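**Student:** Just so you know, we're using this note's numbering here: the first sequence kicks off at 40 and counts up by one.
No residue lacks a Cβ here, since even glycine has one placed at the ideal position from N, Cα and C.
Computed from a predicted structure; not experimentally measured.
Provided herewith is a single structure, encoded as structure tokens, for subsequent inquiry.
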Amino acid sequence: MEKVRTRFAPSPTGFMHIGNLRTCLYAYLYAKKRGGTFVLRIEDTDQERYVEGAVDVIYNTLEKAGINHDEGPDKDGGYGPYIQSERKSLYLDYAKELVDKGGAYYCFCSKERLDGLKDGNGVAKYDKHCLSLSKAEVEKRLAAGEQYVIRQNVPTSGVSEYEDMVFGHIAVPNEDMEDNILIKSDGMPTYNFANVVDDHLMAINYVIRGVEYLSSTPKYNLMYDSFGWERPRYMHLSPIMKDAQRKLSKRYGDANFEDFLDKGYLPKAIVNYIALLGWSPKGNEEKLTMEQLIEQFDVDGISKSPSIFDEAKMRWLNGEYIKQMSVDEFVEVAKPFFEKSKVKDKYDYKALAKLLIPRVEILSEIPEKVDFLEEFGKYDTAMFEHKKMKITKELAYGNLLAIRQDFESEDDWRDENLKQRGMALAEKLGCKSGQIFLPLRLALTGAATTPGGATEMAELLGKKESMARLDFSIELLKNEL
RNA sequence: GGCUCCAUGGUCAAGCGGUCAAGACAUCGCCCUUUCACGGCGGUAACUCGGGUUCGAUUCCCGAUGGAGUCACCA
């Protein structure tokens, strides 16, 4: 059986966009699913867009995402170099070979002449002007050191076709394709060309990339044909959208892997979620590990239409991953967020973690959930009115006074003990326990939703602080009655 | 605009001629509970429109509409 080889070929232009990461993921999943090889290649032929350090971002992202490439700049598999700028010398020779085979030709046209070709809309299609140059003429101008580019020679009639693995049959009229530049005047190859040469040389037989290449793929195939190389199979992927009209992109922010990490998303959850954006597993289970993704990945499940990125769902998934964490694991990933909060160094993170795990979906919620421990003051007492529990401000006030008196002598301030005590008090007063605990929780925190029940909050705060807050709240209520 | 594609709830999506059209997120309600959560149960909500083909179309074909991509010495 043919050995599958796929690749991810990013340009080092900055952070890793979530859409790129998904393309990468699918290429990885497909290779692994078929027992093949996944190759990382850096496409840095455009020197102008190169960003310092961007290659490290790529390595870093793949590692965090759990995508392990089998070959790449740092893992030689015998098909290197894996960085295009280091392969520079290769391309010109192949371009010349293509010229000899009739698949390309030299072009000496000036920018001015090219501009003159543009129509009213500024759209130009090259007119194959230099294709008619005689071989002798070309030699002469080359020898004279004239600046040139090499263009692909696309047939002017007929139709180019191929079978895409997700979109099916694709047919493009040759006359709609242009003679694109293969070798730029600086001697560097364009993406189109470097891609074909490298994919062939690296024995990539499954090309997985964004739909933006769907309709230009026939041009790639034409090159493979001219060279006499075997065409790869193609799998094109629809884009991830921000909404129905706009593509999810850096321009709108929050589209990078790093951004989500900063917001407190777990790499596993991000990967799991984007795997589901544009692909659906056969079964109903959506929370899947990388192993399960590999196991279940299937071209059949890939969707042809663009999908809108839904952060709410990723958030839910993230919460699911957090819920299954141990206290230690949680403290480890949550630490930076604790440090950003007001409780920094003042509380036992483990104790907080226990309460937070079932209540937090993304880590950046931590400060807002925990700041009340250090921040307490005047709040809206309307919260004490609770219809369903039959609690009014008057009742709350009365119960709070009773609680204060009853708890005063208690020195065991642990959650369990306080809970018992509260229950006993409720019985003594002949009221529902909720009528004790709800007012107490509010009096202690001043917040409608808290990361735990009344007595858990009390334990965290300690007796001294708890009593002080009780007094404060009692006073606050008293003034309003 | 030309060309290439795409079209099921608010979102992700199953479906591949006959289904009361799955499931998940979101949303709403109920239950559990000792208050916040977790959890459990249930509800609302979709085949873009018009022609065909067929005994029968969400499903196949054509058209319209809407959307995406592409038309660089960027990838």
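When the Cα of A210 is compared with those of S199, L316, V90, M204, which residue comes out closest?
**Tutor:** Selected option, being the one with the closest Cα: S199.
**Student:** Reducing DSSP to helix, strand and coil, say where S199 ends up.
**Tutor:** If DSSP states are grouped into helix, strand and coil, S199 belongs with the strands.
**Student:** For my contact list, V78 and H108 are in at a C-beta cut-off of 8 Å; report their separation, rounded to the angstrom.
**Tutor:** With 8 Å as the limit, V78 and H108 qualify as a contact, their Cβ atoms being about 6 Å apart.
**Student:** Are S277 and P345 close, meaning C-beta to C-beta below 9 Å?
**Tutor:** The answer is yes: Cβ separation under 9 Å.
**Student:** How many Å lie between A233 and K223 at the Cα?
**Tutor:** One C-alpha to the other measures close to 11 Å.
**Student:** Please determine, among V399, A497, L402, D85, the residue with the shortest C-alpha to C-alpha distance to E447.
**Tutor:** Comparing Cα positions, the closest option is A497.
**Student:** Which residue's Cα is closest to the Cα of G105: K140, A308, L253, F54?
**Tutor:** The residue with the shortest Cα to Cα distance from G105 is A308.
**Student:** Applying the 10 Å Cβ sphere with the 16-neighbour rule, what's the burial state of G142?
**Tutor:** G142 is buried by the Cβ-count criterion.
**Student:** Give the range of the alpha helix (DSSP H) segment to which M204 is assigned.
**Tutor:** That residue, M204, is in no alpha helix (DSSP H); it is neither H nor E in DSSP.
**Student:** If you check the beta carbons only, do D218 and R190 fall under 9 Å apart?
**Tutor:** Cβ atoms of D218 and R190: closer than 9 Å.
**Student:** Closer than 6 Å by C-beta to A493: which residues in its own chain qualify, once you throw out the five before and the five after it? Chain order, please.
**Tutor:** Once the five neighbours on either side are set aside, the close Cβ partners of A493 are F476, L479, R480.
**Student:** Count the other CB atoms, across all protein chains shown, that sit within 10 Å of the CB of V409; report buried if there are 16 or more and exposed otherwise.
**Tutor:** V409 comes out buried.
**Student:** Bridge partners of C146, per DSSP?
**Tutor:** Per DSSP, V188.
**Student:** For E202, does the count of other Cβ atoms within 10 angstroms reach 16, so buried, or fall short, so exposed?
**Tutor:** When all chains shown are included, E202 counts as exposed.
**Student:** By DSSP, does H108 sit in helix, in strand, or in coil?
**Tutor:** Note: H108 maps to coil in three-state DSSP.
**Student:** Residues bridged to H275 by DSSP?
**Tutor:** In DSSP, H275 forms a bridge with R248.
**Student:** Confirm, please, whether the CB-CB distance from Y118 to M521 is below 9 Å.
**Tutor:** Only positions 40 to 520 of the chain appear in the structure, and residue 521 is not among them; the question remains open.
**Student:** Are K379 and P406 closer than 9 Å when you measure CB to CB?
**Tutor:** Going by C-beta atoms, K379 is nearer than 9 Å to P406.
**Student:** Whole angstroms is fine: what's the gap from L391's alpha carbon to F369's?
**Tutor:** Looking at the two C-alpha atoms, the distance is approximately 10 Å.
**Student:** Could you tell me the boundaries of the alpha helix (DSSP H) in which F11 lies?
**Tutor:** The requested residue 11 is not part of the displayed model; the chain covers only 40 to 520.
**Student:** Is N518 helix, strand or coil by DSSP?
**Tutor:** It is coil, neither helix nor strand.
**Student:** Span of the alpha helix (DSSP H) holding L356?
**Tutor:** Run containing L356: 350-362, per the alpha helix (DSSP H) assignment.
**Student:** Just checking my contact of I247 with T45 at CB under 8 Å: how many whole Å lie between their CB atoms?
**Tutor:** That pair is a contact at about 6 Å.
**Student:** Counting beta carbon pairs with one atom in the segment 504-519 and one in the segment 437-451, are three or more of them shorter than 8 Å?
**Tutor:** Touching, yes.
**Student:** Which residues mark the beginning and the end of the alpha helix (DSSP H) in which R46 is found?
**Tutor:** Taken as a continuous stretch (DSSP letters only), R46 belongs to no alpha helix (DSSP H), being part of the beta strand (DSSP E) at 44-47.
**Student:** My understanding is that L499 touches L412, with C-beta atoms under 8 Å, so please give their C-beta distance in whole angstroms.
**Tutor:** L499 to L412, Cβ: 6 Å. Contact.
**Student:** Using a Cβ-Cβ cutoff of less than 8 Å, which residues in the same chain neighbour M422 once the five nearest sequence positions on both sides are dropped?
**Tutor:** Closer than 8 Å at Cβ, skipping near neighbours: L481, A487.
**Student:** Between which residues of its own chain and V250 is the CB-CB distance below 7 Å, once the five residues before and five after are set aside?
**Tutor:** Contacts found: H275, L276, S277, P278.
**Student:** Whole-angstrom Cβ separation of Y360 and L402, contact assumed at under 8 Å?
**Tutor:** Incorrect: roughly 11 Å between the Cβ atoms, too far for contact.
**Student:** Once the 5 residues before and after E400 are set aside, which same chain residues still bring their CB inside 8 Å of it?
**Tutor:** So the qualifying residues of the chain are R354, W355, N357, G358, I361.
**Student:** Quick check on P257: does DSSP put it in helix, strand or coil?
**Tutor:** Helix.
**Student:** List the endpoints of the continuous beta strand (DSSP E) containing I333.
**Tutor:** Not the beta strand (DSSP E): I333 falls in the alpha helix (DSSP H), residues 329-335.
**Student:** Pick out whichever of F296, K127, S472, D349 has its Cα sitting closest to the Cα of A283.
**Tutor:** Comparing Cα positions, the closest option is D349.
**Student:** With DSSP as the reference, please indicate the residues paired to H56 in a beta bridge.
**Tutor:** In the DSSP output, where bridge partners are listed per residue, H56 has N295.
**Student:** Spatial neighbours of Y65 within its chain, please: C-beta separation below 6 Å, excluding the five flanking residues on both sides.
**Tutor:** Answer for Y65: I247, listed in chain order.
**Student:** Tell me whether N311 is buried or exposed, calling it buried when 16 or more other Cβ atoms sit within 10 Å of its Cβ.
**Tutor:** Buried, by the Cβ-count rule.
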